[in-house]
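Its first residue numbered 57, the sequence shown is counted upward by one per residue in our numbering. Yeah, the Cβ is synthetic: ideal placement off N, Cα and C, and Gly gets one too.
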Amino acid sequence: MGKNNESENNAINLLGIGTEITGDITSNGDIRIDGILIGNIVTKGKVVIGETGKVKGEITCKNSDVSGNIDGKIVVSQLLSLKVSANINGDIQTNKLSIEPGSKFTGNCNMSDEGPIFQTSEEKTKKIKPEKGKEPVK
């Protein structure tokens with residue numbers, strides 16, 4: 057009875073070789089991708105992209121090991137490890153970055169102590185309007 061309602065981060069979600077999913081994934085646990093995902097991932101756990109894994113979309117997580125392909129932005133609040141077979145085409149935002157020789161990365165990298173804010177997709181789509189009389193500089 058003394059157990060709280062928060063789920064543990066020991067759940068492991070697997071997208072296996074030969075599986076293709078189109079859609080967004082939201083989880084509190086770890087995720088491993090060995091198949092193909094066309095969509096976004098948001099998790100408070102770790103994301104592992106295996107050598108055969110391909111993601112086309114945005115990834116937001118706590119930690120990540122990448123050996124496969126990512127076409128999109130990856131936001132990691134702690135450590136991002138790019139393995140020798142990693143291929144990223146998109147921006148990186150992380151606190152710590154480890155890159156093995158042979159991995160490929162095309163995009164911008166922003167390293168800071170500020171981790172990502174885990175937002176719902178509704179919050180991500182809200183746009184900030186400029187204050188009245190203060191138009192953006194073109």
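query                                                                                                                                                                                              : result
Using the C-alpha atoms, what's the distance from Asp90 back to Gly158?                                                                                                                            : 20 Å
Buried or exposed for Ser154, please, with buried defined as at least 16 other CB atoms from any protein chain shown within 10 angstroms of its CB.                                                : exposed
Could you tell me which uninterrupted beta strand (DSSP E) segments, each at least 3 residues in length, are contained entirely in the stretch 115-174, listed from first to last along the chain? : 115-117, 119-122, 125-127, 130-138, 143-145, 148-155, 160-162, 165-167
Report buried or exposed for Thr99, applying the criterion of at least 16 other Cβ atoms within 10 angstroms of its Cβ.                                                                            : buried
Does the beta-carbon distance from Ser123 to Gly101 come in below 8 Å?                                                                                                                             : no
Measuring alpha carbon to alpha carbon, tell me which of Met167, Glu114, Asn125, Asn119 ends up nearest Gly20.                                                                                     : Any question about residue 20 goes unanswered here, given that the chain covers just 57 to 194.
Could you say which of Thr150, Ile87, Ile97, Thr162 lies nearest to Ala142 if we only look at CA atoms?                                                                                            : Thr162
Please name the residue in Glu76, Ser133, Gly146 whose C-alpha comes closest to that of Val103.                                                                                                    : Ser133
Since Asp147 and Asn164 should fall inside the 8 Å C-beta cutoff, what is the C-beta to C-beta distance between them, to a whole number of angstroms?                                              : 5 Å
Using C-beta distances below 8 Å, list every residue in its chain close to Lys152, excluding the 5 sequence neighbours before and after it, in chain order.                                        : Gln134, Leu135, Leu136, Met167
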